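Engineer: 547 is the number of the first residue of the sequence shown in the working numbering; add one for each residue after it. Each residue gets a CB set at the ideal place from its N, CA and C atoms; glycine is no exception. Values in this document were obtained by computation on a predicted structure and should not be read as measured data. Pasting a structure below so you can have a look.
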Amino acid sequence: MRALRRRASMAEGVDDDGSTRPDVDLVTLQPGQTIGRYRVVAVLGQGGFGITYRAVDAELGRQVAIKEYLPTALAVRKDGVTVVPRSRSAAEDLAWGLERFVSEGRTLAALHRAPGIVKVHDYLQANGTAYLVMELVDGETLHERIVRAGPLDAAAIDSILAPLLDGLEQVHAAGFLHRDIKPANILLDAKGQPTLIDFGASRAAIAGRTQAMTAVFTPGYAPVEQFTSAQQGAWTDIYSLAATLYHAITGEPPRNAIDRMVDDELVPLAGSGRAFPKALLAGIDAALVVRAAGRPQSVAAWRALLAGNAAPPATVVMAAKAPASPSSQSLPPSPSPATATPPASPHGSRGGVKIAAAAAVLLLVAAGSWFALGTGVPTSTSPSLASSSASPSPVAAAVPVAPATPAVPLVPDRAQEEAARLRAEAEARRKADEEAALRARIEQEFREKAAAEEAARQKAAADAKLQAEAQAAADAAAKAKADAEAAAKAQEEAAAQLRAAEADRKGAEAAETALRLGHSDRQRLQVALTSLGFATGGSDGVFGARSREMIAAWQKKTGQAATGYLTHDQQTTLLREAAPALARYDEEQKRLAQAPAPPPVAPPASPPASPPVSAPAAPPASSASAPAAAGSAGQCEGTHRSQWCRAAYQGFPPSCWYASMTVRNGEVSDSWVSQADTTKRNVVSGRIDAAGNVSLTYEGVGQQTHINQRFTAQMSGRVVNGLLTAAGRAGVGGRDFNVTVRCR
């Protein structure tokens, strides 16, 4: 099942095949823009006369087609909305055409009940131009129907012809012409009912006023009067509709009317044997007569012909010329009286006069030849104008007759025969020359008009290009200016933010100074930050760069100004959030404080030289398994307060802290909660041998340089006079640590 496509009634920019020309690129209104109460949805078609949009009526909620008056040869769009003249000289033509466009809209709006005619809902003026609001028709064009399914049958022709005749008759009664009837301008709905769209009356008026506009008619469907300045009327639309029906029946349009003037090779439909009513075919043939006077002069007269209720109007057919022959002669037929009088040409309409004059000359030549060559009844009904000589009429006074001599036939003089032949040849040449001159004149006018249209199109394209380039340059300049202003504004805002941040920082620094935080206060705050995931790298009681950074990170996370300095309220909040970790820290510090403090670390003294001794006596058997507590190791048996220190490293100052060390049978152990991660502990293990040599392994968690990373420091030392000292480094190039324990 074929899909019906949404088509615009009276769409502009449509080719003969019904497709929208892709080479036309106007500055259209964008989807979402409004025209009065109508919101633009999409572009349905565009051309040299205007643009047609699909839109939505905001009040009624229905979809409509809106035709915008925008002749590109006369006007351009400014700022994407307003239509303005291209030049001062074009302003008058633009305004004149606008009046005709609005008048066309009023006329069509009054024909809303006419069958087969597109309905106009509204017309309005805005944006420096005018708009026609029309119904949006679902369907395909007659041209698309012919291409898709081939010629129409009699039933299909009958279904579209009746409403088109009724509608066209009402249009003509309103003093209006369509001027561009063709298959591409007839829409067929799902039931095959036609709607005539794209009226070209206002376009034709503007095209006739200025050479800048493109002609409205379409060759093949336009009668000869549309190629010249001859008068147009109902007979003009009748020819175009007949050509459309001819195309629908045969599958091909008729030849150009200009070509048919000299050599008419159009094959009549009547007598073709097609399965159509004979009256219908004869009526179409009658409406396709080249001369306007030979066609039906009204829809009513044509309808009678199509129905077989009236005789077709007499016509004059221009046939091919016959070669002259001195041995034979044929007489022209008596001229048939015309049943329809051709329309009078308006004052100043030279094209129509020329065509009528040429036709009159041909008739006079035929009539004159007939009267000059003889008055007998023609022996041939051929409409051709003979060029051969004819028998002269008998004239009694021309030859003397003897009274007593019987009458005898007169013998024509050789000289008279030759003169008649020469006159016939001269007349034939004159006729041929007149026909050639007429055709050449029409073709020259057509070429001149086409050249003017092409020049206007090129000028319009060049003007549009210049306007687009100027608009692009203006847009680029405006964008550059806007970008510069935005950058300057952003820079100023950033500077203001920096000033505000600096002011906040200074205010926060002053507020923290007012807190009079001591060393232990800062240590507890460092522990609190570390427990909440903001590792300060230790709790040395010094708010260095790392501690300030973590304070700012905590402030930012809690939605406060990230100054890096604490206020009284922030200190209270921080201590409250880290209360569990602080409780463990305070308990450990309390336990360490209760242990006796070791004396200051002193360098170990050199052991005195031992005097030579004799070999010891063998110990009693009971003392062989005794522990080494009797030696230096035994001096540190038990649990003691230990002081741990780390040296300065990578910009961090040295610091010390206290822990608790236990020695059992020479085995050393110690541990405390890591300040970097309260869920982990720093662990010390090792041994003191009988000679007092100390070997320790310190496994800790980084707090300053390698935060939350495990490290191991191998430490060694001695126990001398109850004082245990040991030192070591965490890996190659790592930090130095030392420990001091006063065992007694």
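Can you tell me which of the three DSSP states S649 falls into?
Structural biologist: Counted from its first residue, the sequence shown places residue 649 at position 103. DSSP places S649 in helix when its eight states are reduced to three.
Engineer: Please state whether the Cβ-Cβ distance between T1271 and G1280 is less than 8 Å.
Structural biologist: For the purposes of this step, residue 1271 is taken as the residue at position 725 of the sequence shown. For the purposes of this step, residue 1280 is taken as the residue at position 734 of the sequence shown. Contact: no.
Engineer: For A828, does the three-state DSSP call read helix, strand or coil?
Structural biologist: Along the sequence shown, one-based indexing puts residue 828 at 282. Three-state DSSP puts A828 in a helix.
Engineer: What are the boundary residues of the beta strand (DSSP E) that T1185 is part of?
Structural biologist: Translated into positions along the sequence shown, residue 1185 becomes position 639. From DSSP, the beta strand (DSSP E) with T1185 extends over G1184 to R1192.
Engineer: On the DSSP bridge list, what partners appear for V610?
Structural biologist: As a first step, residue 610 must be located in the sequence shown, where it is residue number 64. A601 and E681, per the DSSP bridge assignment.
Engineer: Just mark D1216 as buried or exposed, buried being the case when its beta carbon has 16 or more other beta carbons within 10 Å.
Structural biologist: Translated into the one-based positions of the sequence shown, residue 1216 becomes position 670. Buried: at least 16 other Cβ atoms inside 10 Å.
Engineer: Please confirm if L616 has its CB atom under 8 Å from at least one CB of chain B.
Structural biologist: The question asks about chain B, but that chain is absent: this structure has only one protein chain.
Engineer: Buried or exposed: which applies to N1211, given that a residue is buried once 16 or more other Cβ atoms fall within 10 Å of its Cβ?
Structural biologist: As a position in the sequence shown, residue 1211 is number 665, starting the count at 1. Counting Cβ neighbours within 10 Å, N1211 comes out exposed, since fewer than 16 surround it.
Engineer: Between G643, F773 and G685, which has its C-alpha nearest G596's C-alpha?
Structural biologist: Start at 1 with the first residue of the sequence shown, and residue 596 comes out as number 50. For G596, the nearest C-alpha among the options comes from G643.
Engineer: How is the beta strand (DSSP E) around L742 delimited, first residue to last?
Structural biologist: Looking up residue 742 in the sequence shown gives position 196. From DSSP, the beta strand (DSSP E) with L742 extends over P740 to L742.
Engineer: In terms of residue numbering, what span does the beta strand (DSSP E) encompassing H793 cover?
Structural biologist: Here the question's residue 793 lines up with position 247 in the sequence shown. It is not in any beta strand (DSSP E) - H793 instead sits in the alpha helix (DSSP H) that spans A780 to T796.
Engineer: If you draw a straight line from the C-alpha of T1109 to the C-alpha of I1097, how long is it?
Structural biologist: Residue numbering aside, residue 1109 sits at position 563 when the sequence shown is read from its first letter. Residue numbering aside, residue 1097 sits at position 551 when the sequence shown is read from its first letter. The alpha-carbon atoms of T1109 and I1097 are separated by roughly 8 Å.
Engineer: Taking only the alpha-carbon atoms, compute the straight-line gap between Q1101 and A1047 and give it to the nearest angstrom.
Structural biologist: Walking along the sequence shown from the start, residue 1101 turns up at place 555. Walking along the sequence shown from the start, residue 1047 turns up at place 501. Near 13 Å, if we compare the C-alpha coordinates of A1047 and Q1101.
Engineer: Counting Cβ pairs closer than 8 Å, one from the segment 1103–1119 and one from the segment 1185–1199, do we hit at least three?
Structural biologist: Flag = no, the segment 1103–1119 and the segment 1185–1199 do not touch.
Engineer: Just to check my reading of the structure: M680 and A611 have Cβ atoms closer than 8 Å, yes? What is that Cβ distance to the nearest angstrom?
Structural biologist: Here residue 680 corresponds to residue number 134 of the sequence shown, with the count starting at 1. Here residue 611 corresponds to residue number 65 of the sequence shown, with the count starting at 1. Yes, M680 and A611 are in contact; Cβ-Cβ is about 5 Å, under 8 Å.
Engineer: In chain order, what residues of the same chain lie with their CB nearer than 6 Å to the CB of D1050, ignoring the 5 residues before and after it?
Structural biologist: Here residue 1050 corresponds to residue number 504 of the sequence shown, with the count starting at 1. So the qualifying residues of the chain are A1107 and T1109.
Engineer: Below 7 Å CB to CB, which residues in the same chain sit around V1147 once its five sequence neighbours on both sides are set aside?
Structural biologist: Working through the sequence shown from its first residue, we reach residue 1147 at position 601. Low confidence applies to V1147: its pLDDT is 47, below 50, so where it sits in the model is not reliable, and the reading given next is rough at best. Around V1147: T1271 and T1286.
Engineer: Kindly indicate the opening and closing residues of the beta strand (DSSP E) around L734.
Structural biologist: One-based indexing of the sequence shown puts residue 734 at position 188. Residues I732 to L734.
Engineer: Assign V1312 to buried or exposed, taking buried as 16 or more other Cβ atoms, counted over all protein chains shown, within 10 Å of its Cβ.
Structural biologist: As displayed, the chain neither begins before 547 nor continues past 1290, which places residue 1312 out of reach and without an answer.
Engineer: Provide the residue(s) that pair with P631 in DSSP beta bridges, ordered along the chain.
Structural biologist: The residue you call residue 631 lines up with position 85 of the sequence shown. For P631, which the question treats as bridged, DSSP gives the partners A621.
Engineer: Span of the beta strand (DSSP E) holding A1272?
Structural biologist: On the sequence shown, position 726 is the one that residue 1272 refers to. Counting along the chain, the beta strand (DSSP E) containing A1272 begins and ends at L1269 to R1275.
Engineer: Can we say the segment 655–665 touches the segment 710–724, given the rule of at least three CB pairs closer than 8 Å?
Structural biologist: The segment 655–665 is in contact with the segment 710–724.
Engineer: Please report the distance separating the alpha-carbon of L984 from that of G626.
Structural biologist: Working through the sequence shown from its first residue, we reach residue 984 at position 438. Working through the sequence shown from its first residue, we reach residue 626 at position 80. Approximately 48 Å between the Cα atoms of the pair.
Engineer: Give me, in chain order, the residues of the same chain whose beta-carbon lies closer than 8 Å to that of R1137; leave out the 5 immediate sequence neighbours on both sides.
Structural biologist: In the sequence shown, counting from the first residue as 1, residue 1137 sits at position 591. Here the set comprises S1206.
Engineer: Among all the DSSP beta bridges, which residues are the ones paired with E686?
Structural biologist: In the sequence shown, counting from the first residue as 1, residue 686 sits at position 140. According to DSSP, which records beta bridges pairwise, E686 is partnered with L734.
Engineer: Would you check if the segment 738–747 and the segment 810–825 touch, i.e. whether three or more CB-CB distances between them fall below 8 Å?
Structural biologist: Because the criterion of three Cβ pairs below 8 Å is not met, the segment 810–825 and the segment 738–747 do not touch.
Engineer: Rounded to whole angstroms, what's the CA-CA distance from Y1195 to D1282? Just pull it up for me.
Structural biologist: For the purposes of this step, residue 1195 is identified with residue 649 of the sequence shown, where counting begins at 1. For the purposes of this step, residue 1282 is identified with residue 736 of the sequence shown, where counting begins at 1. About 8 Å.
Engineer: What's the C-alpha gap between R1290 and H1186?
Structural biologist: Locating residue 1290 in the sequence shown gives position 744, where the first residue counts as 1. Locating residue 1186 in the sequence shown gives position 640, where the first residue counts as 1. About 9 Å.
Engineer: Going by DSSP in three states, E811 sits in which element: helix, strand or coil?
Structural biologist: Residue numbering aside, residue 811 sits at position 265 when the sequence shown is read from its first letter. Coil.
Engineer: Taking 7 Å as the cut-off, is the CB of Q1117 close to at least one heavy atom of the ligand PLP?
Structural biologist: In terms of ligand content, the structure shown is empty, and the ligand PLP therefore cannot be addressed.
Engineer: Report yes if the CB atom of R1068 is closer than 8 Å to the CB atom of G1087, and no otherwise.
Structural biologist: As a position in the sequence shown, residue 1068 is number 522, starting the count at 1. As a position in the sequence shown, residue 1087 is number 541, starting the count at 1. Yes, the pair counts as a contact, with Cβ atoms nearer than the cut-off.
Engineer: Who pairs with M1261 in a beta bridge, going by DSSP?
Structural biologist: On the sequence shown, position 715 is the one that residue 1261 refers to. Answer by DSSP bridge pairing, in chain order: L1242 and G1274.
Engineer: For the 8 Å Cβ check, are there 3 or more pairs between the segment 1029–1048 and the segment 1057–1068?
Structural biologist: No, the segment 1029–1048 does not touch the segment 1057–1068.
Engineer: D699 to A789, Cα distance in whole Å?
Structural biologist: Along the sequence shown, one-based indexing puts residue 699 at 153. Along the sequence shown, one-based indexing puts residue 789 at 243. The alpha-carbon atoms of D699 and A789 are separated by roughly 16 Å.
Engineer: Quick one: residues in its chain with C-beta nearer than 6 Å to the C-beta of L575, no 5 flanking neighbours on either side, listed in chain order?
Structural biologist: Taking the sequence shown and counting its residues from 1, one reaches residue 575 at position 29. Around L575: V586.
Engineer: Per DSSP, which one or two residues make a beta bridge with I804?
Structural biologist: Here residue 804 refers to the residue found at position 258 when the sequence shown is read from its first residue. For I804, which the question treats as bridged, DSSP gives no partner whatsoever.
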